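**Student:** First residue of the sequence shown: 60, per our numbering; consecutive thereafter.
Beta carbons: idealized from backbone N, C-alpha and C, even for Gly.
Because the structure is a prediction, the values reported are computed rather than measured.
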Amino acid sequence: MTSYQSPLHKAVKWYRKVAVELLFGTAVVNSWILYKFNKSTPILNLPDNLAKALVSSIPPKPKGTKENSYLDAGRSCKQEKEKMRRML
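#1: Taking contact to mean at least 3 C-beta pairs separated by less than 8 Å, is the segment 89-100 in contact with the segment 113-123?
#2: I think valine 87 touches proline 106, with their Cβ atoms under 8 Å apart; what is that distance to the nearest whole Å?
#3: Tell me whether asparagine 97, by its Cβ, gets closer than 7 Å to a heavy atom of the ligand NAD.
#4: Taking the alpha-carbon positions, what's the glycine 84 to lysine 72 distance?
#5: If I'm right that leucine 90 touches leucine 103 with Cβ under 8 Å, what's the distance once you round it to whole angstroms?
#6: For methionine 143, collect the residues of the same chain with a Cβ closer than 8 Å to its Cβ; drop the 5 residues on either side in sequence, then sort them by chain order.
#7: Span of the alpha helix (DSSP H) holding lysine 140?
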């Protein structure tokens, strides 16, 4: 994981890199300690499992319906503005 945030990249200031590394590194170690009480897993597999668990816990966003779309195909902005004025 740290190979993606190499210290050679100068886009982010060093103290921000240190803060992020401490925050996320500590979070991974703490989650491993909590996970270790129930199951045993190697520390190398934990970040992958942790990321998969976090991503799978977020439900997908619902797709917009026709009512939520801003413009219908073939309509001009002027027609949409008139429609919005009538609705208000």
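**Tutor:** The structure says:
#1: Taking 8 Å as the limit for Cβ pairs, the verdict is that the segment 113-123 does not touch the segment 89-100.
#2: Position 28 of the sequence shown, counted from the first residue, corresponds to residue 87. Position 47 of the sequence shown, counted from the first residue, corresponds to residue 106. At roughly 6 Å, the Cβ-Cβ gap stays under 8 Å, so valine 87 and proline 106 are in contact.
#3: Only the bare structure without any ligand can be found here, which leaves the ligand NAD out of the picture.
#4: Position 25 of the sequence shown holds residue 84. Position 13 of the sequence shown holds residue 72. Between glycine 84 and lysine 72, the C-alpha separation is close to 18 Å.
#5: The sequence position of residue 90 within the sequence shown is 31, counting from 1. The sequence position of residue 103 within the sequence shown is 44, counting from 1. Just to set this straight, residue 90 is serine in the shown sequence, not leucine. So it is not a contact: roughly 14 Å between Cβ atoms.
#6: Working through the sequence shown from its first residue, we reach residue 143 at position 84. There are no such residues.
#7: Position 81 of the sequence shown holds residue 140. 136-146 is the extent of the alpha helix (DSSP H) around lysine 140.
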